[in-house]
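Engineer: In the working numbering, the protein residues as written are 15 to 258. Below is the structure I would like to discuss, written out as structure tokens.
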Ligand SMILES: [Fe+2]
């Protein structure tokens, strides 16, 4: 099985100041994300052993663990990748047009995404997902082990609302963290992921796009995060390369 490694941060630990503090970034990346990677590798080893033993219960147990750790590893990689210093602002180009079509406006997307992030109980993620099957953006949310399969697609942007992501700086004020996090979003990178997602789905969904491009929907769904849906979290091989 593939051995997973902790990706390097694509910027300095203090690069997101004042929105996310250096100590939080160090602990979050060097301890928490590393832990998910180590646990993922260990769970994979245990899964192989379970396969060899033929114990169906153990196989199911470690399959669930591998799926969970793999999700956390992928989402953290996306989280680092889609933030950056001196970012924020608004998307432009095709991504901006798609946001307007699916949510009505960029402001409406921010409001809905923030509401989803703030409404997650205990720990979890809010993720903006491109769904080529529907030729539509969607907001997904997930809470740790209780994630349910929602829909497939390409994850474009992820916000970590586990307490370890913000508690040192913001304590219980998650809404303030979510509000400030928008100042770190690397929209050019998100747009690259969107472009890759639309390219990969273009041929099979050309007709759907043609049918829908002239009619603003403004009804993009909020969905539970598909934790075990690797297609959502991986976002294709070129995106996996970018996370390194
Ligand atoms: Fe995290």
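No residue lacks a Cβ here, since even glycine has one placed at the ideal position from N, Cα and C. Every value quoted in this text rests on a predicted model; they were computed, and no experiment measured them.
(1) Which residue's Cα is closest to the Cα of residue 196: 173, 177, 207?
(2) I'd like to confirm something about residue 94: is its beta-carbon nearer than 7 Å to some heavy atom of ligand 1, or not?
(3) May I ask whether a heavy atom of ligand 1 can be found less than 7 Å away from the beta carbon of residue 52?
(4) Taking any heavy atom of ligand 1 as the mark, which residues have a C-beta closer than 6 Å to it, listed down the chain?
(5) Would residue 185 be called buried (16 or more neighbouring beta carbons within 10 Å of its own) or exposed?
(6) Whose C-beta lies closer than 8 Å to the C-beta of residue 96 among residues of the same chain, with five residues either side of it excluded?
(7) Quick one: give me the first and last residue of the beta strand (DSSP E) that residue 168 is part of.
(8) Measuring alpha carbon to alpha carbon, tell me which residue in 104, 180, 123 is nearest residue 38.
(9) When you compare only the Cα positions, how much space is there between residue 28 and residue 36?
(10) Anyone know if the C-beta pair for residue 81 and residue 73 falls short of 8 Å?
(11) Determine the burial state of residue 133: buried for a count of at least 16 other Cβ atoms within 10 Å of its Cβ, exposed for fewer.
(12) Comparing alpha-carbon positions, which option in 105, 56, 25 lies nearest residue 15?
(13) Could you check the C-alpha separation between residue 30 and residue 146 for me, to the nearest Å?
(14) DSSP has residue 144 in a bridge; who is on the other side?
(15) Using 8 Å for Cβ pairs, my map puts residue 168 next to residue 144. What's the rounded Cβ distance?
(16) Please state the DSSP three-state secondary structure of residue 97.
(17) Output yes or no for whether 8 Å exceeds the beta carbon distance between residue 87 and residue 178.
(18) Could you check what DSSP says for residue 139 in three-state terms: helix, strand or coil?
(19) In chain order, what residues of the same chain lie with their CB nearer than 6 Å to the CB of residue 121, ignoring the 5 residues before and after it?
(20) Could you name the residues of the same chain whose beta carbon sits closer than 6 Å to that of residue 136, not counting the 5 residues immediately before and after it, in chain order?
(21) Classify residue 70: buried if its beta carbon has 16 or more other beta carbons within 10 angstroms, exposed otherwise.
(22) Following the continuous alpha helix (DSSP H) through residue 196, name the residue where it begins and the one where it ends.
(23) Mind checking whether residue 139 and residue 156 have CB atoms under 8 Å apart?
(24) Reducing DSSP to helix, strand and coil, say where residue 160 ends up.
(25) Is it right to say residue 105 is buried, meaning 16 or more other beta carbons lie within 10 angstroms of its own, or is it exposed?
(26) Put residue 68 into one of helix, strand or coil per three-state DSSP.
Structural biologist: The answer reads as follows:
(1) 173
(2) no
(3) no
(4) 42, 46, 90, 174, 176, 178, 179
(5) exposed
(6) 170, 171, 172, 199, 200, 203, 204, 207
(7) 168-174
(8) 180
(9) Cα atoms of residue 28 and residue 36: separation of roughly 4 Å, rounded to the nearest angstrom.
(10) No.
(11) exposed
(12) Taking only the C-alpha atoms, the option nearest residue 15 is 56.
(13) 32 Å
(14) BP columns for residue 144 point to 151, 168.
(15) 5 Å
(16) strand
(17) no
(18) DSSP, read as helix, strand or coil, puts residue 139 in strand.
(19) none
(20) none
(21) Exposed, by the Cβ-count rule.
(22) Per DSSP, residue 196 belongs to no alpha helix (DSSP H) and is neither H nor E.
(23) Yes, the Cβ-Cβ distance between residue 139 and residue 156 is below 8 Å.
(24) Its pLDDT being 44, under 50, residue 160 is placed unreliably by the model, and nothing is read from it.
(25) buried
(26) coil
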